[in-house]
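Q:
Protein chains: 2
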Amino acid sequence: MTSKIAAYLRDFAPATPCLVLDVDRVETNYRRLKAALPLARVYYAVKANPGAPILGRLTDLGSSFDAASWEEIQMCLEAGARPENISYGNTIKKVSAIQAAYAAGIRMFAFDSEPELMKLAAHAPGAKVYCRILVENKGAEWPLSRKFGCEMEMARDLMVLARAWGLDPYGISFHVGSQQTTTGAYEVAIARVASIFTDLKQAGINLRMVNLGGGYPVRYRAEVPEIDAFGDAIMGAMTQHFGNDLPEMLVEPGRFMVGDAGVVSAEVVLVSTKAKDDPVRWVYLDIGRFGGLAETEGEAIKYAFRTPHDGTVEGPVTIAGPTCDSTDTLYEKSNYRLPMALEAGDRVELISTGAYVTTYAAQSFNGFKPLAEHYI
Amino acid sequence: MTSKIAAYLRDFAPATPCLVLDVDRVETNYRRLKAALPLARVYYAVKANPGAPILGRLTDLGSSFDAASWEEIQMCLEAGARPENISYGNTIKKVSAIQAAYAAGIRMFAFDSEPELMKLAAHAPGAKVYCRILVENKGAEWPLSRKFGCEMEMARDLMVLARAWGLDPYGISFHVGSQQTTTGAYEVAIARVASIFTDLKQAGINLRMVNLGGGYPVRYRAEVPEIDAFGDAIMGAMTQHFGNDLPEMLVEPGRFMVGDAGVVSAEVVLVSTKAKDDPVRWVYLDIGRFGGLAETEGEAIKYAFRTPHDGTVEGPVTIAGPTCDSTDTLYEKSNYRLPMALEAGDRVELISTGAYVTTYAAQSFNGFKPLAEHYI
């Protein structure tokens, strides 16, 4: 938690649940990433947190943006971003959304299938397109399965088609999975991309861009490698496979940029047990999986907690949200421990919750409204 | 899908994604339940769908309401419900919410722990309280784990405390899990409740109410028992355990009341494969897990689909939502098959989606707004 956030919470004690996010920390993270990967252009993954003050600050810093929808593109434009600095990175787009984006000047689009490429050829003529390929997500705490991307052979075929259909076959993208804790995942993926570059060169197509995606981790409960380690691994692999002929490099950080800039402040609603002699207490908060903490599904992302009783004796807990839904349980199997003194009415802070929280919040499950947002 | 919904979709083709819900069907379901369990008072579980036209119709029919929050209580009051017909059924409540409910005239509250009972004693003096006990959820497609309820011994102790603290020890509640497909679960639970009644009678406390909870299933892909089968099983067990001295009986149907009254209308955004020879197509819709279909988590609730090509040759599919999140995949392992002719732009209907959809929708994940709602 930054000192600015700590002071804000102390001075204003905003109603819970809420997110307090330090926009200066976003700037720090942007600069750290630029230092670690000076040759890469940064496309902030807007979906991580589309808060207007974040988009505004990043625009001022010269960042580009990776948008998942026409609605996110509009948010970027409203924040002052120029259309040439926005990539429409979702491989699944309605025709109406492609048309709107193209009309607004967007000229870079992702795809991973022939039907999508056909839509782009028809409604975004001449645009730069990049194909997303499937890669291993080993080491990611929020892996991305096979929903996005296609096999390499198909990617090669589609890039040939792209040119034939009047599009600009720009490059290849991949995503190693979010909260990726090993640098090796990038190295394997870069090797695959390089082989597509080589194959397509033989077909007379010179790709010019590698989109390295996101995935760069934030520290939650466990240590993660520093961003410099990812930068070194990526540059090592790029040099190994492309030599002096380095293509343009794009990165799409979301979590890395905003995760540790934010803190969710919540209230303990109840601390109870299920039987007299039960050693495990249930701690119910006024925010849960449907209030924004969606990434606790399967206990994937393990947030760290701060309480007013830190440093006193702790005991095992199950941590849950406030709704009448049992799936609204955050941590039951991850060996969380919280102070024995914790009780209803206490405020607790969830550290590094600036990413993938606000927009996930259910509009009204059990009647609860989404958490408030404070950008400071 | 009711004929009214079919006509509405045909005549108005509302923008997707949206829910179209036939309020007359809600009335039919209310009457079916009353016929199956004439001795039970119906407390509609508002969380299933708090649409104002639903609450209004049920108020007119004489229904009572099970509210999960102060916000849901307000919705019921605004729809014309009287406070004496509203139960505050969440066992996890902020003090401020208890105070607001009590001030509004609410006099029936659930609890399952001593700290919660203490809050009620302090802020809802004299109120009727009922204790929720843990029961088996075997047979439920959306089971409720141990988040709510306490062990029987604790329930007995707490009811004694309730009287000592000036509250009215009213009864016992349980929940056999949502989309419960076996009647036996209710029979086992009723036996447990009856033993608590007996024990407490010896302590001089005469409980007066059994809250049978909800769980009554809706037909999705697979057949489920009729509501009459649940009515028969429950009345058989009640008579067996309570004889002629039947206590008041409450039921809290949510899904049963509104599930088959609603249809989600969606658009196919993309149909693709991951490789040329891949037999499984990915079908991406403009609604997914974060757009309201939260109960597809773990492929728990298996909705049935209607497409414009029904009756033509089908093939295996994975069905996913429109966001850049891989967990936004609905069905990958449940052997769904859809027509080979299905393509982007087609409208599809998800049948019996009137419950647990609208309020779950994320406020803005990936920039997508919650589905529209049409009550007809």
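From first to last, the protein sequence lines are chains Y and Z. Numbered per the UniProt record's numbering, the first sequence spans residues 1 to 376. Numbered per the UniProt record's numbering, the second sequence spans residues 1 to 376. Glycine included, each C-beta is placed from N, C-alpha and C at the ideal position. From a predicted model like this one, the values you see are computed outputs, not experimental measurements.
Going by C-alpha to C-alpha distance, which of L342(Z), R32(Z), N90(Z) and K138(Z) sits closest to C131(Z)?
A: Position 131 of the second sequence holds residue 131(Z). With distances taken between Cα atoms, C131(Z) lies closest to N90(Z).
Q: Taking the beta carbon of A321(Z) as the centre, do at least 16 other beta carbons fall within 10 Å, making it buried, or is it exposed?
A: Taking the second sequence and counting its residues from 1, the one referred to as residue 321(Z) is at position 321. Note that residue 321(Z) is Gly in the sequence shown here, rather than Ala. Looking at its Cβ environment, which holds 16 or more other Cβ atoms inside 10 Å, G321(Z) is buried.
Q: From the DSSP secondary-structure annotation, give me the bridge partner or partners of H374(Y).
A: Here residue 374(Y) corresponds to residue number 374 of the first sequence, with the count starting at 1. BP columns for H374(Y) point to V20(Y).
Q: Verify the CB distance criterion: does A122(Y) have a CB-CB separation below 7 angstroms to chain Z?
A: Residue 122(Y) sits at position 122 when you count from the first residue of the first sequence. Taking Cβ atoms only, chain Z never reaches closer than 7 angstroms to A122(Y), which makes this a no.
Q: Note the first and the last residue of the continuous alpha helix (DSSP H) segment covering Y186(Z).
A: The residue labelled residue 186(Z) in the question sits at position 186 within the second sequence. Taken as a continuous stretch (DSSP letters only), the alpha helix (DSSP H) holding Y186(Z) covers G184 to Q202.
Q: At 4 residues or longer, what runs of the alpha helix (DSSP H) sit wholly inside the region 99-124 of chain Z?
A: With a minimum length of 4 residues, the continuous alpha helix (DSSP H) runs that stay inside the region 99-124 of chain Z are 114-123.
Q: Does the region 288-308 of chain Y come into contact with the region 360-369 of chain Y, if we say contact requires no fewer than three beta-carbon pairs (one atom in each stretch) closer than 8 angstroms?
A: Yes, since at least three Cβ pairs between the region 288-308 of chain Y and the region 360-369 of chain Y fall closer than 8 angstroms, the two stretches touch.
Q: Can I301(Y) be considered in contact with the ligand FMN, in the sense that its beta carbon sits closer than 6 angstroms to one or more heavy atoms?
A: Here there are no bound small molecules, and the ligand FMN is not part of this structure.
Q: Find the nearest neighbour of Q329(Z) within the set M235(Z), D286(Z) and I351(Z), judged by alpha-carbon distance.
A: The residue labelled residue 329(Z) in the question sits at position 329 within the second sequence. Residue identity differs from the one stated: residue 329(Z) is Thr in this sequence, not Gln. Comparing Cα-Cα distances from T329(Z) to each of M235(Z), D286(Z) and I351(Z), the minimum goes to D286(Z).
Q: Between A320(Z) and chain Y, is any beta-carbon pair separated by less than 7 angstroms?
A: Residue mapping note: residue 320(Z) aligns to position 320 of the second sequence, counting from 1. Taking Cβ atoms only, chain Y reaches closer than 7 angstroms to A320(Z), which makes this a yes.
Q: Can you pull the chain Z residues whose beta carbon is under 7 angstroms from the beta carbon of T359(Y), in chain order?
A: On the first sequence, position 359 is the one that residue 359(Y) refers to. What T359(Y) touches in chain Z: A362, Q363, S364 and F365.
Q: Counting only the same chain and skipping the five closest in sequence on each side, list residues whose C-beta sits under 7 angstroms from that of Q99(Y).
A: Mapped onto the first sequence, residue 99(Y) falls at position 99. Only H123 meet the Cβ criterion.
Q: Roughly how far, in whole angstroms, is the beta-carbon of K94(Z) from the beta-carbon of M108(Z), given that I think they are within contact range, below 8 angstroms?
A: The count along the second sequence starts at 1 and reaches residue 94(Z) at position 94. The count along the second sequence starts at 1 and reaches residue 108(Z) at position 108. About 18 angstroms separates the two Cβ atoms, so there is no contact after all.
Q: Beta-carbon of A237(Z) versus every beta-carbon of chain Y: anything under 7 angstroms?
A: Your numbering for residue 237(Z) matches position 237 in the second sequence. It does not: the Cβ of A237(Z) has no partner Cβ on chain Y nearer than 7 angstroms.
Q: Do you know how far the Cα of V251(Y) is from the Cα of I234(Y)?
A: Counted from its first residue, the first sequence places residue 234(Y) at position 234. Counted from its first residue, the first sequence places residue 251(Y) at position 251. Distance between the alpha carbons of I234(Y) and V251(Y) is about 11 angstroms.
Q: Quick check: what's the CA-CA separation for V26(Y) versus K369(Y)?
A: Residue 26(Y) sits at position 26 when you count from the first residue of the first sequence. Residue 369(Y) sits at position 369 when you count from the first residue of the first sequence. Their Cα atoms are separated by approximately 26 angstroms.
Q: Within the 7 angstroms Cβ cut-off, does L270(Y) reach chain Z?
A: Residue mapping note: residue 270(Y) aligns to position 270 of the first sequence, counting from 1. Answer yes: the Cβ-Cβ gap between L270(Y) and chain Z drops below 7 angstroms somewhere.
Q: Taking F365(Y) as part of the beta strand (DSSP E), name the residues at either end of that continuous run.
A: The residue you call residue 365(Y) lines up with position 365 of the first sequence. Element bounds for F365(Y): n/a, residue is neither H nor E.
Q: According to DSSP, simplified to helix, strand and coil, what is Y8(Y)?
A: Translated into the one-based positions of the first sequence, residue 8(Y) becomes position 8. Helix, per DSSP.
Q: Roughly how far, in whole angstroms, is the beta-carbon of Q179(Z) from the beta-carbon of V135(Z), given that I think they are within contact range, below 8 angstroms?
A: By 1-based counting over the second sequence, the position of residue 179(Z) is 179. By 1-based counting over the second sequence, the position of residue 135(Z) is 135. Not confirmed; about 16 angstroms, so no contact.
Q: Quick check on G213(Y): does DSSP put it in helix, strand or coil?
A: For the purposes of this step, residue 213(Y) is taken as residue 213 along the first sequence, with counting starting at 1. Three-state result, G213(Y): coil.
Q: Assign F290(Y) to one of three DSSP states: helix, strand, or coil.
A: Reading the first sequence from its first residue, position 290 is the one you call residue 290(Y). Helix at F290(Y).
Q: In angstroms, rounded to a whole number, what distance separates the CA positions of R347(Y) and A361(Z)?
A: In the first sequence, counting from the first residue as 1, residue 347(Y) sits at position 347. In the second sequence, counting from the first residue as 1, residue 361(Z) sits at position 361. About 27 angstroms.
Q: Identify the residues that DSSP records as bridge partners of V42(Y): which are they?
A: By one-based count along the first sequence, residue 42(Y) stands at place 42. V42(Y) is bridged to V251(Y).
Q: Measuring only between beta-carbons, confirm whether N49(Y) sits less than 7 angstroms from chain Z.
A: By 1-based counting over the first sequence, the position of residue 49(Y) is 49. Chain Z contact via Cβ: absent.
Q: So if I threshold CB-CB distances at 7 angstroms, which residues from the region 247-265 of chain Y count as touching chain Z?
A: For the region 247-265 of chain Y, which is checked against every Cβ of chain Z, not one residue is closer than 7 angstroms.
Q: For the region 323-343 of chain Z, enumerate the residues whose C-beta is nearer than 9 angstroms to any C-beta of chain Y, in chain order.
A: Against chain Y - using a Cβ distance shorter than 9 angstroms - the residues of the region 323-343 of chain Z are T323, C324, D325, S326, T327, D328, T329, E332 and E343.
Q: Taking the DSSP output, what are the residues bridged to residue 377(Y)?
A: The structure shown has nothing for residue 377(Y), since chain Y only spans 1 to 376.
Q: Using the C-alpha atoms, what's the distance from D112(Y) back to L161(Y)?
A: By one-based count along the first sequence, residue 161(Y) stands at place 161. By one-based count along the first sequence, residue 112(Y) stands at place 112. Taking the straight line from one Cα to the other gives about 12 angstroms.
Q: Does any C-beta atom of chain Z lie closer than 7 angstroms to the C-beta of M152(Y)?
A: As a working mapping, residue 152(Y) is identified with position 152 in the first sequence. Answer no: the Cβ-Cβ gap between M152(Y) and chain Z never drops below 7 angstroms.
Q: Can you grab the Cα-Cα spacing for the pair P115(Y) / E151(Y), in whole Å?
A: Position 115 of the first sequence, counting from 1, holds the residue named residue 115(Y). Position 151 of the first sequence, counting from 1, holds the residue named residue 151(Y). Their backbone Cα atoms lie some 15 angstroms apart in a straight line.
Q: Whose Cβ in chain Y lies nearer than 8 angstroms to the Cβ of L55(Z)?
A: Locating residue 55(Z) in the second sequence gives position 55, counting from the first residue. Within 8 angstroms Cβ-Cβ: nothing; L55(Z) doesn't reach chain Y, min ~12 angstroms.
Q: Relative to the alpha-carbon of residue 395(Z), which residue among T198(Z), D278(Z), S272(Z) and Q240(Z) has its alpha-carbon at the smallest distance?
A: In the structure as shown, chain Z starts at 1 and stops at 376, and residue 395(Z) therefore has no counterpart that could be examined.
Q: Between the region 337-354 of chain Y and the region 307-319 of chain Y, do three or more beta carbon pairs fall short of 8 angstroms?
A: Verdict: yes, contact present.
Q: L37(Y) CB to nearest chain Z CB: under 7 angstroms?
A: For the purposes of this step, residue 37(Y) is identified with residue 37 of the first sequence, where counting begins at 1. Not an interface residue.
Q: Using a Cβ-Cβ distance cut-off of 7 angstroms, determine whether P115(Z) contacts chain Y.
A: Position 115 of the second sequence, counting from 1, holds the residue named residue 115(Z). Closer than 7 angstroms: yes.
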